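Here's the structure, in structure tokens; my notes come after.
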Amino acid sequence: MKVFVTGGAGYIGSHTLVRLLAAGHDVCVFDNYANSSPVALARARQLTNREVVAVEGDIRDSDALAQSLADFAPDAVVHFAGLKAVGESNDIPLLYYQTNVTGTMNLLAAMDAAGCRRIVFSSSATVYGEAQYLPFDEEHPIAPTNPYGRTKAMAEGVIRDWATATPDASAVLLRYFNPVGAHESGRIGEDPQDTPNNLMPFVAQVAVGRRARLSIFGDDYDTRDGTGERDYIHVVDLAAAHLAALEYSARATGCEAINVGTGQGITVKELVAAYEAACGRPIAAEIAPRRPGDVASSYAATAKAERLLGWQAALDVDDMCRSSWKWQSENPQGYDATTGAGA
Ligand code: NAD
Ligand code: UD1
Numbered sequence: 037m038k039v040f041v042t043g044g045a046g047y048i049g050s051h052t053l054v055r056l057l058a059a060g061h062d063v064c065v066f067d068n069y070a071n072s073s074p075v076a077l078a079r080a081r082q083l084t085n086r087e088v089v090a091v092e093g094d095i096r097d098s099d100a101l102a103q104s105l106a107d108f109a110p111d112a113v114v115h116f117a118g119l120k121a122v123g124e125s126n127d128i129p130l131l132y133y134q135t136n137v138t139g140t141m142n143l144l145a146a147m148d149a150a151g152c153r154r155i156v157f158s159s160s161a162t163v164y165g166e167a168q169y170l171p172f173d174e175e176h177p178i179a180p181t182n183p184y185g186r187t188k189a190m191a192e193g194v195i196r197d198w199a200t201a202t203p204d205a206s207a208v209l210l211r212y213f214n215p216v217g218a219h220e221s222g223r224i225g226e227d228p229q230d231t232p233n234n235l236m237p238f239v240a241q242v243a244v245g246r247r248a249r250l251s252i253f254g255d256d257y258d259t260r261d262g263t264g265e266r267d268y269i270h271v272v273d274l275a276a277a278h279l280a281a282l283e284y285s286a287r288a289t290g291c292e293a294i295n296v297g298t299g300q301g302i303t304v305k306e307l308v309a310a311y312e313a314a315c316g317r318p319i320a321a322e323i324a325p326r327r328p329g330d331v332a333s334s335y336a337a338t339a340k341a342e343r344l345l346g347w348q349a350a351l352d353v354d355d356m357c358r359s360s361w362k363w364q365s366e367n368p369q370g371y372d373a374t375t376g377a378g379a
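All letters in the sequence shown, in the order written, are residues 37 to 379 by the working numbering.
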């Protein structure tokens, strides 16, 4: 199958790319490297011994996007490209709407022009907002609490309307919970450009000595140990979910939103303990005030993914921490400090 992957050099995109190439699919990555490095693509080529077409371009540039998509003539699209920092989305909301919503509209128009009718979209559990009940199932009300979340909810709506209006269209909206971990080779992984916003990359940077200590945002939540509980999903399992979604899109039409998580909540303290076991070092941590906007618990109902995609998570929190540590310890400065592209 020919697959056009926007944002394919990014964290989740690069892991999915490796999986797609390893399965024998032909891939074109379209990315402006706003939050990634072409070194990730070089390493994906090395890991799989396969070629990948790479186009440097911006999904806000509708002409360039349409041209690339028409040139490649894909059977399906996986749409990762987007901006994802919640805090930043409060400060520069228009850039978030332009990239995440207008970019998605440009992509659908380009697909229409090229006669491509299958899309798998990177959505987020953040579209649910405050939990009215747990686990979150796909019928939970959509009520995002920040601009980033609203761009994802809007993009979902645009894709759903497009699928309704387009004969034979198939759209899968994958709502990721908390993606973490890295490829088992240690060659690709998460490489935040600034101070990490998310827990696991922060813990990894403390473990490797780039940061002095972790701040645990609140230990007075109504959870097992008082710290926030999340559904961490191994990025390699997440990559497999994309292949399952692509297969599903070949046999079903319409639009489906599907959670991608393990269904299990892990607290901050539990994750830190698992990371300490994986890296064999203590992780310095202190209790800090709650982070505004955080919720006590979030975890997925996973039955729909199992039913429609035949997919479920196979890797556990120890696998997540071990693979993260291998990546972080072998690439302490991420992709930038490597000696030459693809080294
Ligand atoms: P990432 O930043 O590593 O990857 C996004 C990729 O899109 C990067 O390679 C970036 O350079 C590219 N990109 C950004 N703006 C672009 C533009 N205008 N044109 C072309 N390319 C552009 O992020 P990720 O963690 O791999 O996330 C991938 C997708 O999954 C995003 O849409 C994100 O919102 C969504 N998501 C991520 C998480 C998470 O925790 N990582 C959770 C839920 C949903
Ligand atoms: C965050 C985003 C969410 C996004 C998700 C992607 C916010 C408010 N929400 O969610 O929109 O979909 O990432 O994975 O940013 N923690 C600490 N110390 C830290 C960092 C985090 O204690 O330095 C705690 C948090 O309070 C939380 C848990 O770790 O309890 C996980 O945090 P994080 O990795 O940021 O993910 P989410 O809050 O679930």
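Yeah, the Cβ is synthetic: ideal placement off N, Cα and C, and Gly gets one too.
Model, not experiment: these values are computed from the prediction.
Tell me which residues share the same chain as Ala337 and place their Cβ nearer than 8 Å to its Cβ, disregarding the 5 neighbours each side in the sequence.
Locating residue 337 in the sequence shown gives position 301, counting from the first residue. Answer for Ala337: Pro171, Phe172, Asp173, Glu174, Asn295 and Gly299, listed in chain order.
Spatial neighbours of Gly93 within its chain, please: CB distance less than 8 Å, with the 5 preceding and 5 following residues excluded, ordered by chain position.
The residue you call residue 93 lines up with position 57 of the sequence shown. So the list reads Phe66, Asp67, Asn68, Ala100, Leu101 and Ser104, once near-sequence residues are dropped.
Nearer than 7 Å: is that true of the beta carbon of Val304 relative to any heavy atom of ligand 2?
Here the question's residue 304 lines up with position 268 in the sequence shown. Val304 Cβ: within cutoff of ligand 2.
Which runs of the alpha helix (DSSP H) spanning at least 4 residues fall entirely within the stretch 128-201, listed in chain order?
Listed in chain order, the complete alpha helix (DSSP H) runs (minimum 4 residues) inside the stretch 128-201 are 129-132, 139-150 and 183-201.
Under 8 Å, with one C-beta from each stretch per pair, do the stretch 117-130 and the stretch 174-193 reach the 3-pair mark?
Three or more Cβ pairs closer than 8 Å define a contact, and the stretch 117-130 meets that threshold against the stretch 174-193.
Close Cβ partners of Leu241 (< 8 Å) along its chain, the five nearest in sequence each way excluded
Taking the first residue of the sequence shown as position 1, residue 241 is located at position 205. Position check: residue 241 holds Gln in this sequence, whereas Leu was assumed. Leaving aside the five residues that flank Gln241 on each side, the residues in its chain whose CB is nearer than 8 Å to its CB run, in chain order, Pro232, Arg247 and Gln364.
With a cut-off of 8 Å on the beta carbons, I'd call Ser73 and Phe116 a contact; round off their distance for me.
Along the sequence shown, one-based indexing puts residue 73 at 37. Along the sequence shown, one-based indexing puts residue 116 at 80. The Cβ separation is near 15 Å, so there is no contact.
Who are the Cβ neighbours of Glu166 in its own chain at under 8 Å, not counting the five residues just before and after it?
Within the sequence shown, the letter at position 130 stands for residue 166. Closer than 8 Å at Cβ, skipping near neighbours: Ala179, Thr181 and Val331.
Endpoints, alpha helix (DSSP H) assigned at Thr84:
Within the sequence shown, residue 84 is the residue found at index 48, counting from 1. For Thr84, the uninterrupted alpha helix (DSSP H) run begins and ends at Pro74 to Thr84, by DSSP.
Alpha helix (DSSP H) runs contained entirely in the stretch 219-260, provided each spans 4 or more residues
Counting only runs of 4 or more, we get 235-243.
Based on the DSSP output, what are the partners of His115 in its beta bridges?
Taking the first residue of the sequence shown as 1, we reach residue 115 at position 79. Under the DSSP definition of a beta bridge, His115 partners with Thr42 and Phe157.
Rounding to the nearest angstrom, what Cα-Cα distance links Ser50 and Tyr257 in this structure?
Locating residue 50 in the sequence shown gives position 14, counting from the first residue. Locating residue 257 in the sequence shown gives position 221, counting from the first residue. Rounded to the nearest angstrom, the gap between the Cα atoms of Ser50 and Tyr257 is 35 Å.
Of the residues Leu209, Glu312 and Ala280, which one's Cα is nearest the Cα of Val244?
Counting from one through the sequence shown, the residue named residue 244 turns up at place 208. Selected option, being the one with the closest Cα: Glu312.
In whole angstroms, what separates the C-alpha of Leu57 from that of Thr84?
Your numbering for residue 57 matches position 21 in the sequence shown. Your numbering for residue 84 matches position 48 in the sequence shown. Our two residues, Leu57 and Thr84, have alpha carbons roughly 6 Å apart in a direct line.
Which same chain residues end up closer than 6 Å to Val353 when comparing Cβ atoms and leaving out the 5 residues on each side of it in sequence?
Here residue 353 refers to the residue found at position 317 when the sequence shown is read from its first residue. The answer, listed in chain order, is Ile302 and Ala310.
Is Ile30 near ligand 2, judged by its Cβ being under 7 Å from some heavy atom?
There is no way to answer for residue 30, as the model of the chain reaches only from 37 to 379.
Bounding residues of the beta strand (DSSP E) (the contiguous stretch that carries Gly290):
Along the sequence shown, read from residue 1 onward, the residue named residue 290 stands at position 254. It spans Gly290 to Val296 - the beta strand (DSSP E) in which Gly290 sits, taken as one unbroken run.
Within its chain, find whatever has a CB closer than 7 Å to the CB of Glu342; leave out the 5 residues flanking it on each side and keep chain order.
Position 306 of the sequence shown, counting from 1, holds the residue named residue 342. Only Gln348 meet the Cβ criterion.
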